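Q:
There are 2 protein chains.
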Amino acid sequence: MRSNDSDISISRRQLLARIGQTAGAAMMYQAMSTLGHAKESTYNSAINLKGAPPGTSVLILGAGIAGLVAAYELSHAGYKVKILEYNHRAGGRAWTLRGGDEYTELGGFKQKCEFDPGLYINPGPWRLPYHHYAMLDYAKRLKVPLEPFNQINVNAYLHSPTAFGGKPQRVRQVRADFQGHVAELLSKATNQGGLDAELGKEDKEKLLEALRSWGLLDKQYRYTTSELTSGKRGYDVEPGGGLMPRAVPSTPLKRDDLLQSKLWGYLTTPIDYDLTPSMFQPVGGMDRIAMAVYREVAPLVQFGAKVTAIDQNEHGVEVSWVDAQRGGETRHAKADWCLCTIPLPILAQIPVKASEAMQAAIGAVAYESAVKVGLQMKRRFWEEDERIYGGITYTNLPIQQIAYPMAGLNQPGKGVLLGAYMFSANAFEFTSMTPQQRVRAAVEQGAQIHPQYHTEFENGISVAWHRSPFTLGCFAHWEDNVRAKHYDNLCAIDGRLALAGEHTSFINGWQEGAVLSSLDAIGRMHQRIVATRSPA
Amino acid sequence: MRSNDSDISISRRQLLARIGQTAGAAMMYQAMSTLGHAKESTYNSAINLKGAPPGTSVLILGAGIAGLVAAYELSHAGYKVKILEYNHRAGGRAWTLRGGDEYTELGGFKQKCEFDPGLYINPGPWRLPYHHYAMLDYAKRLKVPLEPFNQINVNAYLHSPTAFGGKPQRVRQVRADFQGHVAELLSKATNQGGLDAELGKEDKEKLLEALRSWGLLDKQYRYTTSELTSGKRGYDVEPGGGLMPRAVPSTPLKRDDLLQSKLWGYLTTPIDYDLTPSMFQPVGGMDRIAMAVYREVAPLVQFGAKVTAIDQNEHGVEVSWVDAQRGGETRHAKADWCLCTIPLPILAQIPVKASEAMQAAIGAVAYESAVKVGLQMKRRFWEEDERIYGGITYTNLPIQQIAYPMAGLNQPGKGVLLGAYMFSANAFEFTSMTPQQRVRAAVEQGAQIHPQYHTEFENGISVAWHRSPFTLGCFAHWEDNVRAKHYDNLCAIDGRLALAGEHTSFINGWQEGAVLSSLDAIGRMHQRIVATRSPA
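Going line by line, the protein sequences match chains W and X. Okay, so the first sequence: first residue is 499 according to the working numbering, each after it adds one. Okay, so the second sequence: first residue is 499 according to the working numbering, each after it adds one.
1. Does residue 989/X come within less than 9 Å of chain W when only Cβ atoms are used?
2. Helix, strand or coil: which one does DSSP assign to residue 593/X?
3. Starting from residue 866/W and walking both ways along the beta strand (DSSP E), at which residues does that stretch end?
4. What separation, rounded to the nearest whole angstrom, lies between the Cα atoms of residue 701/W and residue 709/X?
5. Curious, which full-length beta strand (DSSP E) runs of at least 3 residues does the segment 868–894 of chain W contain?
6. For residue 688/W, count neighbouring Cβ atoms within 10 angstroms of its own Cβ and tell me buried if that reaches 16, exposed if not.
7. Under 8 Å Cβ to Cβ from residue 843/X, same chain only, skipping five residues before and after it: list those, please.
8. Closer than 6 Å by C-beta to residue 921/W: which residues in its own chain qualify, once you throw out the five before and the five after it? Chain order, please.
9. Is the distance from the Cβ of residue 658/W to the Cβ of residue 751/W below 9 Å?
10. Helix, strand or coil for residue 1031/W? Go by DSSP, reduced to three states.
11. Short of 8 Å in beta carbon distance, which residues of its chain neighbour residue 721/W, apart from the five on each side in sequence? Order them along the chain.
12. What did DSSP end up calling residue 816/X once you bin it into helix, strand or coil?
13. By Cβ distance below 6 Å, which residues in the same chain neighbour residue 558/W in space, the five residues on each side in sequence not counted?
14. Which same chain residues, not among the five before or five after residue 1019/W, have their C-beta less than 8 Å away from its C-beta?
15. Provide the residue(s) that pair with residue 600/X in DSSP beta bridges, ordered along the chain.
16. Would you report the Cα separation of residue 770/X and residue 666/W, rounded to the nearest angstrom?
17. Classify residue 608/W: buried if its beta carbon has 16 or more other beta carbons within 10 angstroms, exposed otherwise.
18. Quick one: grab the DSSP three-state call for residue 1006/X.
19. In whole angstroms, what separates the C-alpha of residue 730/W from that of residue 765/W?
20. Are residue 881/X and residue 907/X close, meaning C-beta to C-beta below 9 Å?
21. Suppose contacts are defined by Cβ-Cβ distances below 9 Å. Is residue 584/W in contact with residue 967/W by that definition?
22. Applying the 10 Å Cβ sphere with the 16-neighbour rule, what's the burial state of residue 914/W?
23. Please list, in chain order, all residues of the same chain as residue 532/X whose beta carbon is under 8 Å from its beta carbon, the five residues on each side excluded.
24. Helix, strand or coil: which one does DSSP assign to residue 989/X?
25. Out of 573/W, 590/W and 549/W, which one is the CA nearest neighbour of residue 1007/W?
26. Flag residue 650/X as yes if its beta-carbon sits less than 9 Å from any beta-carbon of chain W, otherwise no.
27. Just the chain W side, please: which residues come within less than 8 Å of residue 1002/X by C-beta, in chain order?
28. Helix, strand or coil for residue 806/W? Go by DSSP, reduced to three states.
29. Determine the direct distance from the alpha carbon of residue 1027/W to that of residue 811/W, and round the result to whole angstroms.
30. Which partner residues of residue 755/X appear in the DSSP bridge assignment?
31. Which of the residues in the segment 893–913 of chain W, read from start to end, lie with their CB under 8 Å from any CB of chain X?
32. Give the interface partners of residue 926/W over in chain X, defined as CB-CB distance under 7 Å, in chain order.
33. Can the beta-carbon of residue 645/W be found less than 9 Å from the beta-carbon of residue 781/W?
34. Strictly by DSSP, which residues pair up with residue 975/X?
35. Give me, in chain order, the residues of the same chain whose beta-carbon lies closer than 6 Å to that of residue 541/W; leave out the 5 immediate sequence neighbours on both sides.
36. Give the secondary structure of residue 587/X by DSSP, where H, G and I count as helix, E and B as strand, and everything else as coil.
Laid out in structure tokens, this is it:
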């Protein structure tokens, strides 16, 4: 089962040994840092749960990715595992909505997804950065095929209704022009002696050389309409073949207009550690990874179980639960240990036998608000008309983002856009609407960027996470002072109870945080179990 | 056959009409420019070859993408088409090398590709930018599945043996740090009044606000070690879950070291019109698109035909050819018209009956030199050890680039790297070596960046385009003065002969140039044919 991991670890070590033998210490050191042995990854794929005492039982609350991974690892290590899950499906927020799916949110609003076969949205997590090692490792071990997810598409738009007359601007042009204007200004300051206190003569020359290259400046250090700049920002008429019309260079956006537009606020994306290539999505929907783990532990899961109390003493835990839909009789699940992955806004409403410190921590963390809206369109006009294949358009309208599907690129037929992905105030505004109103608002706002919405929209679905009955919010938002006071108390094993989930991590809102927190928690739990059972 | 195109055109027009009706002229105008009707695309998918006179024949020389597309369109329009092709395969430079393939280059060096099943390299074109409309359209019409090709991977390296002690630097860090240092310097100059002649008080404030955001500066406008900068450039110890070790921020590269390193020379890639997302590759190899067109015209192709003369008079063309391998008897192919896509270095050696102007143009264009080396590795160590999934590492070693495969991401097993992709002087150097020497040199140089090469390399293959018997070079390199004098003469129909191929385009070295030139040439040829046959 775990041979794959061991193979990797061994071959790495073997490689280093061989390099050490053949090339000496200097090469060995270089190899070690190149191989990332120095400091980079915090994920160790070889979780060691050896020596589980026979018969020891662990009750897991929640079949999201944290609970599923814990069940998978603990059961393989020999523990007796059971999961209680509120929903009638596994995955939790690692969730994909497809045609036929139904969803009822708080307030009683029931939606039925009307997407055509093969189309979907991921209301929760939807992408995997390359440095989410644990998620990528589970995908690899469980043979879940991934495909590239491009966050960045330079042919998508940046948009503000109050900038450039409301006309969406291509990312590539805003990006190249901001860089060019900055380079021109800094060249000017440097050439006019404005930085003589800072830079020696040689430094100035090197800086100017770099700025000219990086900023696409001409010999006079100007950022202008030219072949050079059009080769980066794009042309008005593109180069063609034979005797087709000759290329016409494009004209950069003016510096003042660009500064005024505030569209530069979207330009840090290309250097965002979490959002730059390479990134991935599972082929077919984000739930595919959680479902692959679920398949390994399916017999252990009790669906439709609403936890009503968590009790423990020095011998074990007892969790009370009722049928999530019908209520009725209270049932009890007992185990030696408990791993609870229930999101804090839910957990805070459940009586939990735990230290005051943990109780205080459970109640201390606010949850981020987020809303997503999926919109099915009759045709993929963003590709056909506007040549936008994947990636994201950003706007300062409440919808905030329009994301184009990475599946089915350059194929004919219908498509589903992520028509809104909003946080905070915008999300609260949309959360107060009915799902139908949210969809309508997303269509109206999106049509300011893509007028084709008016004729191509077919149906939509929306998830407002603060109305989600199984989370009551999107993900934990830890303020620094709250983290300083409560985080360690939330993560410490309390008697026979440990917590896990993205809320018990520093990677909030990402599955990687949930998985790492889960592995960390069961690792510590296992150590404690083994230590307790060892002869004194 | 072409209904797909018509559908698109019609629905666009319908859409605009509908928008015009319902939303008025202003919305209509916005829609038109949003839809790219204004100026952007030079490719009109609806090539109109209606009214071909029955029985009119066109002989096409070369079954590369230009010749194949011409054959496809002309035969569908009712022309009688034949293709002569030198190689024993279609596609020309749109070529994929897989295990078992053999290739003999000038000098007699014969190589047999030893890659494992499923692995390949594309010695010629290997990627399709989103604005190569014609290529994407043929892929769509012929149902060739595409997958994303990421040129840019921020976790790949920039490398110089003389910078940072030869240690490869992650793209993300060089990129964020250069941007940060530039922003800090420009903030300083602005705050110290160095740009007061250029910027008013309000402008200065806006600029400083933008620089702080874009450059990740702190409140004192400094680019420093911090959570803020590590959230972009990456951490020394990454954020984890539970009670795992706490994150440790990383320290930016020093400004002076960065300027000295010249690694900034690689930083314009993110804003390169041709090389930024979205980009594509056909699933399985670049030859898949050419092969899809070939399947439509296969009965029309004569393989192994080496053209020895092109003759014409006012009634038609006659092309002489011999068996490309055995030589022997000269054969003759006659037609009313001829479209010649033979690369210029080859064509210049063939007697061609054409105007002096065209003859001069044929001899005037130099071809770029390029070498690619494919290296099979026992395992995908760049993913497993270094978390590089696709994208390109750049170095100023002669190999210039190492490109990581986009196929099979996050899967176990072997992989093929593009171990070198070099131009000009570096390419000439490698062209003078035997294929085996090239592979060895690529392994030695690449090992400076990836020491795993020493133990993981299995086999390799290389293509030096100046030794290619069917092109004698990689692609046309048009100097401006040569273009001004000869380009129109090369593209003009000369009697009954027209030329096509990437050399008769402004998109040299890309299949899009070949296809656009081909469509332009057959469009003009068709117009002339129809005009000639029309009643006076």
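C-beta: ideal position from N, C-alpha, C; glycine also. Note that the structure is predicted; figures quoted are calculated from it, not measured.
A: Short version:
1. yes
2. coil
3. 864–866
4. 21 Å
5. 868–875 and 890–893
6. buried
7. 865, 969, 970 and 971
8. 868
9. no
10. helix
11. 675, 678, 679, 681, 682, 713, 714, 715, 727 and 750
12. strand
13. 565, 568, 569, 581 and 837
14. 568, 837, 989, 991, 996, 997, 998 and 1002
15. 610/X
16. 20 Å
17. exposed
18. coil
19. 16 Å
20. yes
21. yes
22. buried
23. In this prediction, residue 532/X has a pLDDT of 40, which is less than 50 and means its spatial position is unreliable; what the coordinates show is noted afterwards. Hits under 8 Å: none found.
24. helix
25. 590/W
26. yes
27. 739 and 740
28. strand
29. 15 Å
30. Paired residues: none, contrary to the question.
31. 904, 907, 908, 909 and 910
32. Within 7 Å Cβ-Cβ: nothing; residue 926/W doesn't reach chain X, min ~24 Å.
33. yes
34. 864/X
35. 631 and 632
36. coil
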